[in-house]
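Below: the structure, in structure tokens.
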Amino acid sequence: MTRKFCVSCGKTEKELISGLCSECFNREKVKISVDRKVKGMVCRNCFSIYYKRWNSFSGSLEEAAVEAAFVAAENNIYVENIEEPAVGIEALEVISTSPRDYLVTLKIRVKDEKRNIERSLDVKVPVKLSICPTCQRSVSRYYEAIVQLRGLEKKSPDEREKIRAAMEKAILSQNDLNTFISELKKIRGGYDFYVGSAKAARKAVNILRGKYGGFLKESSKLFGMGRNGKELYRITYLLKLPEFSLGNIIEDMGKLYQIIWLKGNLVSLFDLKERRSSGTSLSKIEKNKIVAEKRDYIKAIVTEVRNDEIQLLDMQEYKTFYLHLNIALKVGNEVNTIKLNDTYYLLKTEEED
Ligand SMILES: [Zn+2]
Ligand SMILES: [Zn+2]
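Just add 4 to the spot in the sequence shown (first one is 1) and you have this note's numbering.
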């Protein structure tokens, strides 16, 4: 019988694996890993566990969290260079990181008895508390927050629908499984969204407020006790959108302003006569009259530029008109204008700050 040497450490052994002793093979070739994105999910109402589908579970919430971490990890272990590994998983630690999340530390052991190989790995698996579809249905009209979207009465049906859809999308796209809308009520001037997750509701409201501006009011109401004796609150987010939108032209003390930027309570206005922008707050201009909207814009082409006079061609009526302005426009530039009482006004151009 020939003696075999491990090519890595030189040790002799009866059987080598790919030229290595079992110790070196174990160290150099065997790899175990768990998908980084692995996470578990538990229904916080009935403790059933989600993995590909919801499965009922009997035990405490913490036991369910451990089980969810097990199931999730078990299906995502990758072992290299052991053909039929024996896998053992053991929970080392379970901590509640927030009212919604657990973090379960698992020790994963991989064995190959025949070749005397064993490796282990500690992984932390986040477990999210959610609400399963069954509970969602049985806990009738479950919701944690109401989003009251207001200020839509003066908007066109198209715009109203666009804003409603934007809010729905913002609520449902939050990375949290409780972001279902359990009820949508259409009411005068807006909508009430009953939302499964208060966190998702708050995020969604802020997204819409960033996009359309508006006033936000938050209030909460005690509605019961949780399992652990904690008080449960339902939160109402009232978002009142301003009557005007980006691009509207408003009148203030006989002067015309174009709304060029809108966020939360802040607004940027462009003075159509002085040709400069300034900032103000929503509450200051809220009552001002809207004299034109984007759909009233008239496209025009610059056809002649003199010192302080520009000739433009109205692309709707195909007639030319003059404006006394000193802006660095070139012949051929396309601009937006509005026409009020037979007078044309040039809207902010790309050449202006
Ligand atoms: Zn060796
Ligand atoms: Zn459930």
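Even glycine gets a Cβ: it sits at the ideal position worked out from N, Cα and C.
It should be emphasised that the depicted structure is a prediction, and the values quoted were computed from it without experimental measurement.
- Residues lining ligand 1 by the Cβ criterion, that is a Cβ closer than 5 angstroms to any of its heavy atoms, are Cys10, Ser12, Cys13, Lys15, Cys25 and Cys28 in chain order.
- In this structure, the beta-carbon distance from Gly283 to Val295 does not fall below 8 angstroms.
- Residue environment: Val335 is assigned as exposed (fewer than 16 neighbouring CB atoms within 10 Å of its CB, all protein chains considered).
- Between Val108 and Ala95, the C-beta gap is smaller than 8 angstroms, which places the two residues in contact.
- Around the beta-carbon of Arg310, fewer than 16 other beta-carbon atoms lie within 10 Å, marking it exposed.
- Taking each of Gln178, Gly218, Val46 and Glu356 in turn and checking the Cα distance to Lys288, the smallest one comes out for Gly218.
- Shown here, Leu220 sits in a strand according to DSSP, grouped into three states.
- A check of alpha carbon separations from Gln315 across Val339, Glu88 and Leu344 identifies Val339 as the nearest.
- Taking each of Glu19, Trp58 and Glu255 in turn and checking the Cα distance to Thr138, the smallest one comes out for Trp58.
- Nearest C-alpha to Arg238 among Phe197, Arg123, Glu290 and Tyr216: Phe197.
- By the C-beta density criterion, Lys159 is buried, having at least 16 other C-beta atoms within 10 angstroms.
- If you check the CB distance, Ile175 and Arg48 do not come in under 8 angstroms.
- For Asn49, the Cβ falls inside the 7 angstroms cut-off from some heavy atom of ligand 2.
- Contact between the region 206-223 and the region 242-251 is present, with at least three C-beta pairs closer than 8 angstroms.
- If you check the CB distance, Met319 and Ile331 do not come in under 8 angstroms.
- By the Cβ rule, the region 148-163 does not count as touching the region 115-124, because fewer than three pairs are nearer than 8 angstroms.
- Every beta strand (DSSP E) stretch that sits fully inside the region 109-189 and reaches 3 residues is listed by chain position as 121-134 and 149-154.
- Ser37 sits in a strand when the DSSP states are folded into three classes.
- DSSP places Ser26 in the helix class (H, G or I) of the three-state scheme.
- Per the C-alpha coordinates, the member of Asn292, Tyr322 and Leu351 positioned closest to Lys298 is Leu351.
- Residue side-chain check: Thr109 keeps its Cβ at 7 angstroms or more from all non-hydrogen atoms of ligand 2.
- Excluding sequence positions up to five before and after Asp300, its CB lies within less than 7 angstroms of the CB of Ile342, all in the same chain and listed in chain order.
- Secondary structure note for Phe74: its alpha helix (DSSP H) is the uninterrupted segment Leu65 to Glu78.
- In this structure Val98 does not touch Ala77 by the C-beta definition: roughly 13 angstroms separates them, more than the 8 angstroms allowed.
- Under DSSP, Tyr241 shares a beta bridge with Val151 and Glu222.
- Between ligand 2 and the CB of Ser62, the shortest heavy atom gap is not smaller than 7 angstroms.
- Relative to ligand 2, the beta carbon of Ser201 is positioned no closer than 7 angstroms to any heavy atom.
- Annotation for Ile135 indicates a beta carbon within 7 angstroms of some heavy atom of ligand 2.
- Val127 has its alpha-carbon roughly 31 angstroms from the corresponding atom of Gly200.
- Within the DSSP secondary-structure output, Asp318 pairs in a beta bridge with Ala304 and Lys323.
- Distances from the CB of Ser37 to the heavy atoms of ligand 2 are all 7 angstroms or more.
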